[in-house]
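As they're listed, the protein sequences go chains A and B.
Counted the way the working numbering counts, the first sequence spans residues 798 to 904.
Counted the way the working numbering counts, the second sequence spans residues -4 to 400.
Heads up, the thing below is written out as structure tokens.
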Amino acid sequence: MAQVTYVDLKDDRRYTVDVEGGATLMQAAVDNLVPRVMGDCGGACACGTCHVYVDAAWVDRVGLPSGSEAELLSGLLETQPNSRLACQIAMNEGLHGLVLRLPDPQL
Amino acid sequence: MTSTTVIVGAGQAGGDLASALRQLGYTGRIILIGEEPVVPYRRPPLSKAFLSGEVSEEALYIKTREAYAKHGIELRTGLRVQAIDRVAHTVTLSDGSRLAYDKLALTTGGRARRLDLPGADKSNVHYVRTIDDIRRLREQFKPGKRLAIIGGGYIGLEVAAVGIKKGVQVTLVEALPRLLARVTGPELSQYYEQVHRRHGVDIRLGTGVSALEGGSQVEAVVLQDGSRVPADLVIVGIGLIPNTELAEKAGLACDNGIVVDLFAQTQDPDIVAAGDCTNHDNGFCGRRLRLESVPNASEQARVAAASICGQRVPHASVPWFWSDQYNLKLQMAGLSQGHDCVVIRGSMAADSFVAFYLREGVVIAADSVNRAADFMMGKKMVAGRLRTDPAALADETVTLKSLVA
């Protein structure tokens, strides 16, 4: 089981959770009641409520957003080059220790 | 003494309400009661990827069963709440037991409106609301079968798209003169009609159903215009009825939904309600509404949880919806009823556009197809009640971001 840490940018609280391989990082956050990751569309890449910033050290391993994800991200206001939608990142052992930062979700 | 919150209905709203209570630091008991045997699950994929078989049942679950236990949420499935005693602060369950509550949340959702015709109870007539509905349906949803869909709303159209992809022969019947009439303007209706016809759906508009013919199974759907649609199976998608009976029996005001205020509060200070079952005040829309949507259920659940925790958070979000059909991602923000101007940005022919709806120069709604970025901008325009030049909205050399900022 690999671990991911979510950091709430509002108060710098850290949530370190165990994530099973294959689970999305939106699902892992929702399962663990991590705030700010809403996943309102259930992972359909339709709402932007699981927007995360990938820690700089992890950007290469996590990879870049795909077509529809990149499209949706370009419509969000507070995006950075390391922005991703957590629903589009599937967990694997190589991501053990990953840190994601959580901006204010845009509803 | 510890306080207890009982949540009646374990769908999207009920599950999210339980989670939101814990996120807000609620330390009392939380008992979440669901009629279906499974954990709260996402219903939108029922008419899409779950029907097509692309996703498993487990993938629908909002959280695993363990996740509820881990956060001290007592999930009791396969149980119905039969009655509420508001004076004694108890609910009676279908197994005869009683539970005491300090706060009660009604997240009872809705059920598929049934077709009121002889023969509608035959085994090849289907509805799309629960996992069980889809399991039953999938046995008959096979390549080459003749499918008659009654209702040209989201459910009917999404099922039609899955059917076409699977090699099912699809006829769709809609009583109103256009598709999606309840949720969008004529431009989008015409666009979706043409898309579905192009994919091979036989669409019959402006005619209701007068009879279902057949023996032990329905063999044909007879339309009010006299025509006959032979069918191996029938899917009915004619709307949702809010589950308000429990609230009504308890003497709570109901009017096409359980009546709640901006804070998801019913007239009883110890009872909140959220989701598809509510007739609620929406601070953004400035009027009462009943919405059938996941984002509304989640947002209102969070509002209701705040009310239980003694915080006053108004429910004032912009309603929004989405629908996946073929390779088209439709996202809609705001409510377009009452618009006096429609602006199309992009190209319907290229399946990539946004329809902006304006009233007196203010953007009140935006429907986008395959334009997620423009949708997010459109939603911000709606939320900010942006007053803008229609020509600029249509001009692709002007970025939407520049209009919002």
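Heads up, the beta-carbon is just placed ideally off N, CA and C, and yes, glycines get one too.
Backbone CA spacing between D250 of chain B and I266 of chain B [nearest angstrom]: 17 Å
Cutoff 7 Å; reference L12 of chain B; Cβ partners in own chain excluding five residues on either side: I2, A100, T102, A269, A296, A299 and A300
query: What does A887 of chain A reach in chain B if we use C-beta pairs closer than 8 Å?
result: Chain B residues near A887 of chain A: none, gap ~12 Å exceeds 8 Å.
field: Host beta strand (DSSP E) of L353 of chain B (start-end)
entry: S347 to R354
- prompt: Listed in chain order, which residues of the segment 831 to 859 of chain A have Cβ atoms closer than 8 Å to some Cβ of chain B?
  reply: P832, M835, D837, C838, G839, A841, C842, A843, C844 and G845
- request: Tell whether a beta-carbon distance below 8 Å holds between T202 of chain B and L218 of chain B.
  value: yes
- prompt: Excluding five sequence neighbours on each side, which residues of the same chain lie with their C-beta closer than 6 Å to the C-beta of S42 of chain B?
  reply: V123, I150, E153 and V154
message: For chain B, check one thing: does any of its Cβ atoms lie closer than 8 Å to the Cβ of S863 of chain A?
response: Chain B, which has no Cβ nearer than 8 Å to the Cβ of S863 of chain A, makes this no.
- request: Can you give me, in chain order, the residues of the segment 870 to 895 of chain A that have a beta carbon less than 9 Å from any beta carbon in chain B?
  value: For the segment 870 to 895 of chain A, the set of positions with a beta-carbon nearer than 9 Å to some beta-carbon of chain B reads L870, S871, G872, L873 and L874 in chain order.
task: Could you tell me which uninterrupted beta strand (DSSP E) segments, each at least 3 residues in length, are contained entirely in the segment 1 to 58 of chain B, listed from first to last along the chain?
output: 24 to 29
message: Using a 10 Å radius around the Cβ and a threshold of 16 neighbouring Cβ atoms, would you call D390 of chain B buried or exposed?
response: exposed
query: Buried or exposed: which applies to R37 of chain B, given that a residue is buried once 16 or more other Cβ atoms fall within 10 Å of its Cβ?
result: By the neighbour-count criterion, in which a residue is buried when 16 or more other Cβ atoms sit within 10 angstroms of its Cβ, R37 of chain B is buried.
field: Buried or exposed (CB count within 10 angstroms, at least 16 for buried), H893 of chain A
entry: So H893 of chain A counts as exposed.
- request: Hey, could you find the ends of the alpha helix (DSSP H) P385 of chain B is sitting in?
  value: P385 to A389
query: Should L804 of chain A be flagged as near chain B, meaning a C-beta pair shorter than 8 Å?
result: Rather than Leu, the amino acid found at residue 804 of chain A in this sequence is Val. So, not an interface residue.
query: Are at least three pairs of beta-carbons, each pair with one atom in the segment 381 to 389 of chain B and one in the segment 344 to 364 of chain B, less than 8 Å apart?
result: Enough Cβ pairs lie closer than 8 Å, so yes.
Cβ neighbours of A156 of chain B in the same chain (closer than 6 Å, five flanking residues each side left out): Residues Q320 and Y321 of the same chain have their beta carbon placed closer than 6 Å to that of A156 of chain B, with the five preceding and five following residues left out of the count.
- prompt: Looking at the unbroken alpha helix (DSSP H) that takes in S397 of chain B, where does it start and where does it end?
  reply: Its alpha helix (DSSP H) spans residues L395 to V399.
- request: Check each candidate in B:V364, B:S347 and B:M372 and name the one with the smallest Cα separation from V358 of chain B.
  value: B:M372
query: At which residues does the beta strand (DSSP E) containing L424 of chain B begin and terminate?
result: Examination of residue 424 of chain B is not possible in this model, given that chain B is present from -4 through 400 alone.
field: Cβ-Cβ distance between A143 of chain B and V216 of chain B below 8 Å
entry: yes
query: Within the 8 Å Cβ cut-off, does V801 of chain A reach chain B?
result: no
message: At the 8 Å Cβ level, is D808 of chain A part of the contact set with chain B, yes or no?
response: Chain B contact via Cβ: absent.
field: At least three beta-carbon pairs within less than 8 Å, the segment 129 to 147 of chain B to the segment 165 to 177 of chain B
entry: yes
message: My assumption, with CB atoms under 8 Å, is that L247 of chain B sits in contact with Q260 of chain B. Please give the rounded CB distance.
response: At roughly 11 Å, the Cβ-Cβ gap does not stay under 8 Å, so L247 of chain B and Q260 of chain B are not in contact.
Partners in chain A for F370 of chain B, counting only beta-carbon separations shorter than 7 Å: G872
Whole-Å CB distance - R366 of chain B paired with G341 of chain B, under 8 Å assumed: 6 Å
query: When we look at the beta-carbon of P35 of chain B and count the other beta-carbons within 10 Å, is it buried (16 or more) or exposed?
result: P35 of chain B comes out buried.
message: Here's the rule I'm using: 16 or more other beta-carbon atoms within 10 Å means buried, otherwise exposed. How should S331 of chain B be labelled?
response: buried
- prompt: Would A226 of chain B be called buried (16 or more neighbouring beta carbons within 10 Å of its own) or exposed?
  reply: In this structure A226 of chain B is buried. Its beta-carbon is surrounded by 16 or more other beta-carbon atoms within 10 angstroms.
field: DSSP bridge partner residues for R282 of chain B (one or two, in chain order)
entry: B:N277
query: In chain order, what residues of the same chain lie with their CB nearer than 6 Å to the CB of A8 of chain B, ignoring the 5 residues before and after it?
result: T102, A269, G270, A292 and A296
- prompt: What in chain B is Cβ-close to D828 of chain A, meaning under 7 Å?
  reply: K58, T59 and A62
Assigned secondary structure, V178 of chain B (DSSP; H/G/I helix, E/B strand, else coil): coil
Stretch-stretch touch, CB-based, cutoff 8 Å, three pairs: the segment 91 to 100 of chain B with the segment 179 to 194 of chain B: No, the segment 91 to 100 of chain B does not touch the segment 179 to 194 of chain B.
- prompt: Taking the alpha carbon of E243 of chain B as the point to measure from, which residue in B:A78, B:F45, B:T72 and B:Y63 has its own alpha carbon closest?
  reply: Nearest C-alpha to E243 of chain B: B:A78.
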